[in-house]
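Undergrad: Have a look at the structure that comes next, please.
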Amino acid sequence: MSTRRFALAALAMSAVLTLAGCQKGEPAKPAFKGIELTGAEYARTLNLTDQDGRARSLADFKGKVLVVFFGYTQCPDVCPTTMMEVAEVKKSLGADGDKLQGIFVTIDPERDTAALLKPYLASFDPSFVGLHGSVEQTQAAAKEFKVFFAKVPGKTPETYTMDHTAASFIFDTEG
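Position one of the sequence shown corresponds to residue 190 (this note's numbering), numbered consecutively onward.
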């Protein structure tokens, strides 16, 4: 085969492959990226206070799909990104969005008061619930969910950050 014919054949094959890649077909279904916790012996209880001062547990949200995330309001990256993603998912569900409940559990009880949690979460979605407790209650909740968190000192005692697990826990309507 001459060089010219080879070049034409390669060009034709390239065009066919390009056109094949542009064809509209069934969109790929999103793959599940997580760990199935059904029947797990952890992440079963959560007893903290919400941003309105009410004692809350997972049972309070029965009948809704829950997205539980442990974070803190001064987090510069993963926390606001995750809460925005949950808000976008809820919005994309239209009328069914009311069946989804975002729950933010603070890992920074020293700074994240109810007064701070309320506007922070409302900036993502006014229905989101923020849970907080004492240092001991926060540690117990994190332990129940196998969530790691630790204070990272800053330049001053007030400017610390938190290292933490960046996972969301999703519960079906039955809990």
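Glycine residues also receive a C-beta, built at the ideal position from the N, C-alpha and C atoms.
(1) Would you mind giving the Cβ-Cβ distance between residue 298 and residue 321, rounded to the nearest angstrom? I have them listed as a contact below 8 Å.
(2) Could you tell me the distance, in whole angstroms, from the CA atom of residue 273 to the CA atom of residue 313?
(3) Applying the 10 Å Cβ sphere with the 16-neighbour rule, what's the burial state of residue 360?
(4) Bridge partners of residue 244, per DSSP?
(5) How many Å lie between residue 255 and residue 349 at the Cα?
(6) Could you compute how far the alpha carbon of residue 287 sits from the alpha carbon of residue 363?
(7) Rounded to whole angstroms, how far is the Cβ of residue 275 from the Cβ of residue 291, which I believe are closer than 8 Å?
(8) Select from 239, 258 and 335 the residue whose C-alpha is nearest the C-alpha of residue 230.
(9) Grab me the residues of residue 181's own chain with a C-beta within less than 6 Å of its C-beta, minus the 5 sequence neighbours each way, in chain order.
(10) Residue 301: buried (16+ other C-beta within 10 angstroms of its C-beta) or exposed?
(11) Using three-state DSSP, classify residue 259 as helix, strand or coil.
(12) I need the boundaries of the beta strand (DSSP E) containing residue 282, first residue and last residue.
(13) Which one of 225, 266 and 293 has the shortest CA to CA distance from residue 235?
(14) For residue 283 and residue 357, I'd like the C-alpha separation in whole angstroms.
(15) Should residue 318 go down as buried or exposed, given a rule of 16 or more other Cβ atoms within 10 Å for buried?
(16) Using CA coordinates, which residue listed in 266, 262 and 233 is at the minimum distance from residue 250?
(17) So for residue 334, helix, strand or coil by DSSP?
(18) Tell me whether residue 223 is buried or exposed, calling it buried when 16 or more other Cβ atoms sit within 10 Å of its Cβ.
TA: Based on what the coordinates show:
(1) Residue 298 to residue 321, Cβ: 6 Å. Contact.
(2) Whole-angstrom Cα-Cα distance: 6 Å.
(3) Around the beta-carbon of residue 360, 16 or more other beta-carbon atoms lie within 10 Å, marking it buried.
(4) In the DSSP output, where bridge partners are listed per residue, residue 244 has 238.
(5) C-alpha separation (whole angstroms): 30 Å.
(6) Their backbone Cα atoms lie some 16 Å apart in a straight line.
(7) Residue 291 and residue 275 do touch by the CB rule: their CB atoms are close to 5 Å apart, below 8 Å.
(8) When each option's Cα is compared against that of residue 230, the closest is 335.
(9) The structure shown has nothing for residue 181, since the chain only spans 190 to 364.
(10) Answer is buried; the Cβ neighbour count reaches 16.
(11) Correct three-state label for residue 259: strand.
(12) Run containing residue 282: none; DSSP gives neither H nor E here.
(13) With distances taken between Cα atoms, residue 235 lies closest to 293.
(14) Answer to the nearest angstrom: the Cα atoms are 21 Å apart.
(15) The residue is buried, with at least 16 neighbouring Cβ atoms inside 10 Å.
(16) Residue nearest to residue 250 within the set 266, 262 and 233 is 233 (criterion: CA-CA distance).
(17) Three-state DSSP puts residue 334 in a helix.
(18) Residue 223 comes out exposed.
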